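Chemist:
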Amino acid sequence: MIALDTNVLVRFVVEDDARQTAAAAKLIDRAITDDQPLFVSTIVLCEFVWVLSGSYRVSRPEIGHVLRELLRVRHLSFDTPDQLVRALDAFLHGKGDFADYVIREHGRTAGCDTVATFDRALLKERGYIAPGT
14 MIALDTNVLV RFVVEDDARQ TAAAAKLIDR AITDDQPLFV STIVLCEFVW
64 VLSGSYRVSR PEIGHVLREL LRVRHLSFDT PDQLVRALDA FLHGKGDFAD
114 YVIREHGRTA GCDTVATFDR ALLKERGYIA PGT
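Just so we're aligned: the sequence shown equals residues 14 to 146 in the working numbering.
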């Protein structure tokens, strides 16, 4: 199995560099043809969302659509798909970054009730507390 780096996923989705987009598409097509999944780590998805929102100014709903489609692709493998779906739902309805909700979901899986944060927007949501409270 091959793991994808963030830049490969970005090029495949954004298609802003013809040469790199073609190379990413070729890799993905080969994985489909050979019936070999490609691994997308949670870190890559967090970076992917950050790049789409920051560098490309893609809206939350558009990012949500892209992530839902990626999570459905049979030839992509994710380490914690259920956590990612919950984090995505929270991201689409909340004020935090996608990574904030991934952190909360990883914490929940580890048995944590809350995440300590200084992020004021997150402190208004369930599952986050301010340090020292």
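Ideal Cβ placement from N, Cα and C applies to all residues, glycine included.
Here the structure is a predicted model, which means the values were calculated and not measured.
CA-CA distance, isoleucine 56 and proline 144?
Modeler: Those two C-alpha atoms are separated by around 25 Å.
Chemist: Report, in whole angstroms, the separation of the C-beta atoms of valine 71 and leucine 80, which I expect to be a contact under 8 Å.
Modeler: Incorrect: roughly 11 Å between the Cβ atoms, too far for contact.
Chemist: Leaving out five residues on either side along the sequence, give the residues of the same chain with a beta carbon under 8 Å from the beta carbon of histidine 88.
Modeler: Closer than 8 Å at the Cβ level, and outside the excluded window around histidine 88, lie Ile41, Ala44, Ile45, Asp48, Gln49, Pro50 and Leu51.
Chemist: Could you pull out every residue in the same chain whose Cβ sits closer than 7 Å to the Cβ of aspartate 92, ignoring the five residues on either side in sequence?
Modeler: So the qualifying residues of the chain are Ser54 and Thr55.
Chemist: Could you spell out where the alpha helix (DSSP H) holding serine 66 opens and where it closes?
Modeler: Where serine 66 is concerned, the enclosing alpha helix (DSSP H) stretches over 55–67.
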